[in-house]
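Going letter by letter, the sequence shown gives residues 91 to 312 in this note's numbering.
Heads up, the beta-carbon is just placed ideally off N, CA and C, and yes, glycines get one too.
Computed from a predicted structure; not experimentally measured.
So the structure is just underneath, and the comments pick up after that.
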Amino acid sequence: MEHIVRILDIAQVTHNVKAFRVEKPDDYVFEPGQATEVSINQQGWEDEKRPFTFTSLNDQHYLEFTIKGYFDHDGVTNKLHSLVTGDELIVRDIWGAIAYKGEGTFIAGGAGITPFISILRQLHKDGRLQGNQLFFANQTEDDIIYKDELDQMLGNNVQYLLSRAQGSGKYPVGRIDADYLKTHIKDFSQHFYVCGPDEMVKDISDLLTDLGAQPDAVVFEK
């Protein structure tokens, strides 16, 4: 089912990420971590569907999508970043396999943080965030999405890792590999939530199970 929704607000999150708040259709219900297919309600773009996760909470009166723009070609995200308040999007049915199952470790790469934003915001609102931690890998410090909010919600339970040295120099440079996981995780019987580029998700999911995590306790979008 398709719903045409108007953009209510657009906010710049990082140098190449924007948050789009749009109208919420009546009786439109989702769980934190879920997504929908979105397209732009303009001629020639209506059928260019892309999956985006909700970063708002279900009880808010709007839907929010936090979207990274890729400007090296004239694609959907490039077009989305050119839109203004009042333009329209098309949203569709709700889907998604990333759901919170209990306390654990969230591991995100770049824009892969987006399915976790709604989950973490809901846990924070409900006072249930304690006991969870986040490892968040990015290219540079400037690429970290919602850094201030993550710091505020998670405090010392968020760890950033950069692939390129840049900015303040306060964050380690490297990648989330077996050594990193063994250094930072003492209990592999917990839940794990993984989202990012496909290769990263596969590599980390395999590493976690090799290190003792139960396969059904590693949650990622299949």
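So, at 7 Å on beta carbons, what are the nonlocal neighbours of residue i in its own chain, with the 5 sequence-adjacent residues on each side left out?
i: ASN314; result: Because the chain in this structure spans residues 91 to 312, residue 314 falls outside the shown range and cannot be described.
i: ILE94; result: ASN131, GLU178, ILE180
i: MET290; result: GLY199
i: ASP183; result: MET91, THR126
i: SER295; result: VAL284, VAL308, PHE310
Quick check on the DSSP output: the alpha helix (DSSP H) that includes residue i runs from which residue to which?
i: LYS260; result: No alpha helix (DSSP H) contains LYS260, which DSSP labels as neither H nor E.
i: ILE294; result: 288-300
Near residue i, which residues of its chain fall below 6 Å by C-beta distance, leaving aside the five closest residues on each side in sequence?
i: GLY202; result: CYS285, GLY286
i: VAL166; result: GLU138, ARG140
i: GLY302; result: PHE278
i: ARG96; result: GLU113, GLU178
i: PHE196; result: PHE206, LEU224, TYR283
i: GLN150; result: none
Give the straight-line distance between the Cα atoms of residue i and residue j, rounded to the nearest whole angstrom.
i: TRP185; j: PHE110; result: 19 Å
i: HIS176; j: ASN168; result: Rather than His, the amino acid found at residue 176 in this sequence is Gly. Cα-Cα distance, rounded: 18 Å.
i: TYR283; j: GLN133; result: 38 Å
i: PHE310; j: SER279; result: 16 Å
i: GLN223; j: MET91; result: 36 Å
i: TYR118; j: GLU127; result: 14 Å
i: PHE161; j: GLN102; result: 15 Å
i: ASP164; j: ASP269; result: 39 Å
i: LYS260; j: ASP267; result: 20 Å
i: LYS297; j: LEU170; result: The question names Lys, but residue 297 is Leu in the sequence shown. Straight-line Cα distance between these residues: approximately 36 Å.
i: GLY192; j: GLN220; result: 11 Å
i: GLU121; j: ILE235; result: 21 Å
i: LYS272; j: THR230; result: 23 Å
i: SER172; j: ALA189; result: 31 Å
Since residue i is in the beta strand (DSSP E), which residue starts that stretch and which ends it?
i: LEU98; result: 93-104
i: ARG111; result: 107-113
i: THR126; result: 125-130
i: GLU154; result: 152-158
i: ALA227; result: 223-228
i: PRO141; result: 140-143
Could you pull out every residue in the same chain whose Cβ sits closer than 8 Å to the Cβ of residue i, ignoring the five residues on either side in sequence?
i: THR145; result: ALA109, GLU154, PHE155, THR156, THR204, ILE207, SER208, ARG211
i: LYS215; result: LEU147
i: LEU98; result: ARG111, VAL112, GLU113, TYR152, THR175
i: GLU136; result: SER129, ILE130, ILE180
i: ARG265; result: ALA227, LEU251, SER253
i: THR299; result: PRO305, VAL308
i: MET243; result: LEU210, ARG211, HIS214, LEU219
i: VAL263; result: LEU251, LEU252, SER253, ARG254, ALA255
Cβ of residue i versus every heavy atom of the ligand FMN: is any distance shorter than 6 Å?
i: GLU178; result: Questions concerning the ligand FMN fall outside what the structure shown contains, since it holds no ligand whatsoever.
Give the C-beta separation of residue i and residue j to the nearest angstrom, bearing in mind that I take them to be a contact with Cβ-Cβ under 8 Å.
i: HIS281; j: GLY194; result: 3 Å
i: ASP238; j: VAL248; result: No, ASP238 and VAL248 are not in contact; Cβ-Cβ is about 11 Å, not under 8 Å.
i: ALA125; j: THR104; result: About 20 Å; that fails the 8 Å criterion.
What ranges does the beta strand (DSSP E) occupy inside the region 166-209, keeping only unbroken runs of at least 3 residues that lie completely in it? 178-185, 194-199
Suppose only complete runs of 3+ residues qualify. What are the beta strand (DSSP E) ranges in the region 232-284, listed by chain order? 248-252
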